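K.L.:
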Amino acid sequence: MVIYPATLASAFKAVECQIIQHVSDNQARLLITSEGLQALIDALAGRGYQVLGPAVRDGAIVYDTIARVADLPAGWTDHQEAGRYRLERRNDGALFGFAVGPQSWKRFLHPPVETLWTMRRDGAAVAISSAATTTPKLAFLGVRACEIHAIAVQDRVLRDGPYPDTAYAMRRQDAFIVAVNCGQAGGTCFCVSMQTGPKANSGFDLALTELVDGDSHHFLVEVGSEAGAELLERVPHHPATDAHRAAAEAVIARTASQMGRSLETDGIKELLQSNPDHPRWDDVAQRCLACGNCTMVCPTCFCTTVEDHTDLIGNSAERVRMWDSCFTMDFSYLHGGSVRSTARSRYRQWMTHKLASWFDQFGTSGCVGCGRCITWCPVGIDITQEAAAIRSTSTAAKGDQNGGS
Ligand code: SF4
Ligand code: SF4
0 MVIYPATLAS AFKAVECQII QHVSDNQARL LITSEGLQAL IDALAGRGYQ
50 VLGPAVRDGA IVYDTIARVA DLPAGWTDHQ EAGRYRLERR NDGALFGFAV
100 GPQSWKRFLH PPVETLWTMR RDGAAVAISS AATTTPKLAF LGVRACEIHA
150 IAVQDRVLRD GPYPDTAYAM RRQDAFIVAV NCGQAGGTCF CVSMQTGPKA
200 NSGFDLALTE LVDGDSHHFL VEVGSEAGAE LLERVPHHPA TDAHRAAAEA
250 VIARTASQMG RSLETDGIKE LLQSNPDHPR WDDVAQRCLA CGNCTMVCPT
300 CFCTTVEDHT DLIGNSAERV RMWDSCFTMD FSYLHGGSVR STARSRYRQW
350 MTHKLASWFD QFGTSGCVGC GRCITWCPVG IDITQEAAAI RSTSTAAKGD
400 QNGGS
């Protein structure tokens with residue numbers, strides 16, 4: 000930690016305030032180029048962040064370490080439908096011209112496998128080390144609006160709930176979020192229905208809107224935090240014109256009009272909670288493989304299990320936490336058997352939790368409309384279609400709340 004003499008510290012603070020004021024005054028009126036984006040990545044790396052962003056790997060766009068703009072998926076887009084995902088070339092060099100892929104930021108904030116503690120025995124001495132007390136500083140580049148909402152959902156469970164997860168809270172505290180407003184909706188997106196996108200309105204340090212027009216390639220930048228303002232001041236930028244702002248608004252409006260799916264949310268909590276015996280649950284059970292893909296790709300699912308591993312001579316042991324799914328038989332296994340022994344009851348549990356009882360637990364929907372569970376379901380089961388089918392044939396009383404409260 001650097002200690003400044005009182006006067007120098009005051010002067011430093013004053014300069015810092017001017018920087019932030021300058022950037023704030025120009026909020027949403029700044030432009031950076033691809034070179035500016037590289038400077039932004041460099042500035043984050045220079046501050047000790049591991050910069051993570053989208054990259055093409057094995058025929059999909061996933062999140063990986065990003066060192067250069069060239070690591071981003073320039074000129075790629077994705078075609079998504081129920082049970083289908085395919086990368087295609089774009090006719091421009093857009094860096095973020097695709098929707099969300101199979102991974103979400105959950106894999107970094109709430110990793111799929113995490114060691115909670117380890118034990119080593121040396122003679123009579125037993126040493127137990129608990130979970131990580133330090134975590135890497137992560138910078139997420141290209142976070143979509145629905146994903147910011149998904150992170151907020153996980154914050155309520157893993158950071159702000161009655162049983163906070165220390166490692167999650169540490170990762171979250173240090174995370175730097177560079178949002179990207181979506182320039183193209185996927186075929187399974189329905190963020191407009193869930194009021195979670197396509198524009199990021201809060202929860203970011205910086206937000207970019209990509210503007211590609213012939214040879215002109217810029218990013219309109221919006222500042223969301225002091226950390227974002229401070230970083231941006233160290234990145235070459237210039238003022239945006241009204242035309243740039245209008246172009247950015249047009250990008251977001253066009254994306255909003257492209258939603259591949261929609262979900263009627265009026266009274267959905269009451270609709271699902273009053274239909275536990277609807278025949279549609281039998282129908283979906285005929286199709287559902289109970290594979291759990293939908294829960295693995297979902298950015299808000301947070302369920303885990305633990306396993307204890309020991310060596311054969313009892314000198315070491317560790318407890319490992321792993322993502323789990325409400326679609327496995329073991330998940331609801333209590334003494335005597337599994338509480339939810341059929342695909343019908345497991346799908347009903349998952350969907351009713353997402354769209355209904357999540358409101359009772361956490362005050363919001365558990366679904367942010369990212370569409371991943373539709374795209375990555377091997378048999379193309381579509382949560383929006385299942386909800387619509389129940390709504391259209393429900394004879395149970397329908398509530399009058401907007402998504403429940
Ligand atoms: S809904 Fe689809 S992805 Fe989810 S468990 Fe069933 S078959 Fe697998
Ligand atoms: S339930 Fe499906 S659409 Fe909703 S947040 Fe999860 S993966 Fe996305």
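Mapping the sequence shown onto numbering that gives the first Met the number 0, position 290 (from 1) lands on 289, and the numbers just tick up by one. The beta carbon of each residue, even a glycine, is placed where N, CA and C say it ideally should be. None of these values were measured; they are calculated from a predicted model.
(1) Sorry if obvious, but does the Cβ on Ala-289 come closer than 7 Å to a heavy atom of ligand 1?
(2) Give the range of the alpha helix (DSSP H) segment to which Arg-339 is assigned.
(3) Hey, would you say Leu-205 sits closer than 8 Å to Gly-182, going by beta carbons?
(4) With DSSP run on the structure shown, which of helix, strand or coil describes Leu-7?
(5) Residues around ligand 2, please: the ones whose beta-carbon is closer than 6 Å to some heavy atom of it, in chain order.
(6) Let me check understanding here. Comparing Cα to Cα, which of Trp-116, Leu-137, Ile-31 lies closest to Ala-316?
(7) Nearest-angstrom Cα distance between Met-328 and Pro-298?
(8) Run through the DSSP bridge pairs and tell me what Arg-79 is partnered with.
(9) Residues in its own chain within less than 8 Å of Ala-144 by CB, not counting five upstream and five downstream?
(10) Kindly list the residues whose CB is nearer than 7 Å to the CB of Ala-38, restricted to its own chain and excluding five residues on each side of it in sequence; keep chain order.
(11) Cβ-heavy atom distance between Tyr-84 and ligand 1 below 7 Å?
(12) If you drop the 5 nearest sequence neighbours on each side, which residues of the same chain put their C-beta closer than 8 Å to that of Gly-185?
(13) Please state the DSSP three-state secondary structure of Asp-281.
(14) How is Ile-127 classed by DSSP in three states: helix, strand or coil?
(15) With a threshold of 7 Å (Cβ to nearest heavy atom), would Phe-361 be considered close to ligand 1?
(16) Among the candidates Arg-85, Asp-57, Ser-128, Gly-92, whose CA atom is the shortest distance from the CA of Ala-69?
(17) Quick check on Thr-309: does DSSP put it in helix, strand or coil?
(18) What are the complete beta strand (DSSP E) segments, minimum 3 residues, inside the segment 151-230?
(19) Do Tyr-62 and Leu-137 have their CB atoms nearer than 8 Å?
(20) I think Leu-36 touches Phe-218, with their Cβ atoms under 8 Å apart; what is that distance to the nearest whole Å?
(21) Is the beta carbon of Tyr-48 within less than 7 Å of some heavy atom of ligand 3?
(22) If we count the other Cβ atoms within 10 Å of its Cβ and call it buried at 16 or more, is Met-321 buried or exposed?
(23) Give a single yes or no on whether Ile-380 has its beta carbon closer than 7 Å to a heavy atom of ligand 1.
(24) Answer with buried or exposed for Val-338, where buried requires no fewer than 16 other C-beta atoms within 10 angstroms of its C-beta.
(25) Determine whether the Cβ of Gly-96 lies closer than 8 Å to any Cβ atom of chain C.
(26) Gly-313 to His-277, Cα distance in whole Å?
(27) Could you tell me the distance, in whole angstroms, from the CA atom of Arg-279 to the CA atom of Thr-303?
(28) Looking only at its chain, what residues have a beta carbon closer than 8 Å to the beta carbon of Met-193, apart from the 5 residues adjacent to it on each side?
(29) Can the beta-carbon of Val-483 be found less than 8 Å from the beta-carbon of Arg-318?
(30) When you compare the CB positions of Ala-284 and Tyr-346, do they come within less than 8 Å of one another, or not?
(31) Since Met-321 is in the beta strand (DSSP E), which residue starts that stretch and which ends it?
P.N.:
With the structure as the only source:
(1) yes
(2) Neither: Arg-339 is in no alpha helix (DSSP H) and is coded neither H nor E.
(3) no
(4) For Leu-7, the predicted structure reports a pLDDT of 32, less than 50, and the residue's modelled location is therefore unreliable. The matter cannot be settled from this model.
(5) Val-296, Cys-297, Pro-298, Thr-299, Lys-353, Cys-366, Val-367, Gly-368, Cys-369, Gly-370, Arg-371, Cys-372, Ile-382
(6) Trp-116
(7) 22 Å
(8) Arg is not the amino acid found at residue 79; the sequence shown has Gln there. Paired residues: Tyr-84.
(9) Ala-178, Asn-180, Cys-181, Cys-190, Thr-195, Gly-196, Pro-197, Lys-198, Ala-199, Asn-200
(10) Val-234, Pro-235
(11) no
(12) Asp-77, Gln-79, Phe-97, Ala-98, Val-99, Gly-259, Gly-370, Thr-374
(13) helix
(14) strand
(15) no
(16) Gly-92
(17) strand
(18) 175-179, 205-212, 215-222
(19) no
(20) 6 Å
(21) Of the ligands one can find in the structure shown, namely ligand 1 and ligand 2, none is ligand 3.
(22) exposed
(23) yes
(24) exposed
(25) Absent from the structure: chain C. Only one protein chain is present.
(26) 52 Å
(27) 28 Å
(28) Cys-145, His-148, Leu-262, Thr-264, Ser-364, Cys-366, Val-367, Gly-368
(29) In the structure as shown, the chain starts at 0 and stops at 404, and residue 483 therefore has no counterpart that could be examined.
(30) yes
(31) 315-322
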